[in-house]
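Everything on this sheet refers to the single structure shown next.
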Amino acid sequence: MTNGDAHAPAQDEKGRQRPFLPLVTGISTLLDWSGRIVAAVCLGVTFATLLVNVILRYAFGSGIAWAYEIHAILLPWMVGGGIVIAAARGRNIAITLMPDMLPQGPRRILSLAINITILVISVSVLDASGPILKAAKFQTLSTLGIKQYWGYLSLFYAFAGMSVIAVVDIIRTIAGEDLHASDYETSSLS
1 MTNGDAHAPA
11 QDEKGRQRPF
21 LPLVTGISTL
31 LDWSGRIVAA
41 VCLGVTFATL
51 LVNVILRYAF
61 GSGIAWAYEI
71 HAILLPWMVG
81 GGIVIAAARG
91 RNIAITLMPD
101 MLPQGPRRIL
111 SLAINITILV
121 ISVSVLDASG
131 PILKAAKFQT
141 LSTLGIKQYW
151 GYLSLFYAFA
161 GMSVIAVVDI
171 IRTIAGEDLH
181 ASDYETSSLS
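Residue numbering for the sequence shown follows UniProt numbering, starting at 1 and increasing by one per position.
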């Protein structure tokens, strides 16, 4: 769980440079951008398709038949993109009461425990999704003719992204970065 605008410290207490931290943090940034692109493209295509369908239906009495099925592929990808964005920015659903009350040392230990738990859960979901992906290869959308597999791949994208971000956050925490530092002025969504 990262703070999206936090920057990795350039040096540790002994003054040594840690050039790997910007590279590791860049992985989260790259995943954040991939989630933005996925969510924006899915939202745009879904909106455009539904808008054209409504216009055609009212203007000509019939619309695009596959417009009612496109959401079965695009909506899971939009949600998956949102999950990756939230995880990369540290804006996923969280209760921060305990980290806010703890001093920095115990807060780091709590951060490690949280990110290890996220990693274990994400990898477990990836492992369990194998049979679902195999079964989805046999499910076809009737009008589009597209396999449901392409929609279910969003599950893999979201949880693989969360796994990678959890590893990045573990590395950043071990390197001394305080991912739960309270900066209410810049992180408040109100």
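Ideal Cβ positions, reconstructed from N, Cα and C, are used throughout, including at glycine.
These numbers were taken from a predicted model, which means no experiment stands behind them.
- Within the same chain, and ignoring the five residues on either side of Gly-63 in sequence, the residues whose Cβ sits closer than 6 Å to its Cβ are Asn-53, Leu-56, Arg-57.
- Taking all protein chains shown into account, Trp-77 has 16 or more neighbouring C-beta atoms within 10 Å of its C-beta and is therefore buried.
- Here Leu-112 has Ile-170, Thr-173 as same chain residues with Cβ atoms under 7 Å from its own Cβ, once five neighbours each way along the sequence are excluded.
- Spanning the alpha carbons of Thr-29 and Ala-88 requires a straight line of approximately 7 Å.
- Residue pairing by DSSP places Thr-140 opposite Lys-147 in a beta bridge.
- Less than 8 Å separates the beta-carbon of Leu-31 from that of Val-164.
- With contacts defined as CB atoms closer than 8 Å, Val-79 and Gly-161 fail to qualify as a contacting pair.
- Note that the stretch 123-134 does not touch the stretch 97-109; fewer than 3 beta-carbon pairs, one per stretch, sit closer than 8 Å.
- Per DSSP, the unbroken alpha helix (DSSP H) holding Arg-57 starts and ends at 20-60.
- Contact between Arg-107 and Asp-178 is confirmed by a C-beta separation of about 6 Å, below the 8 Å threshold.
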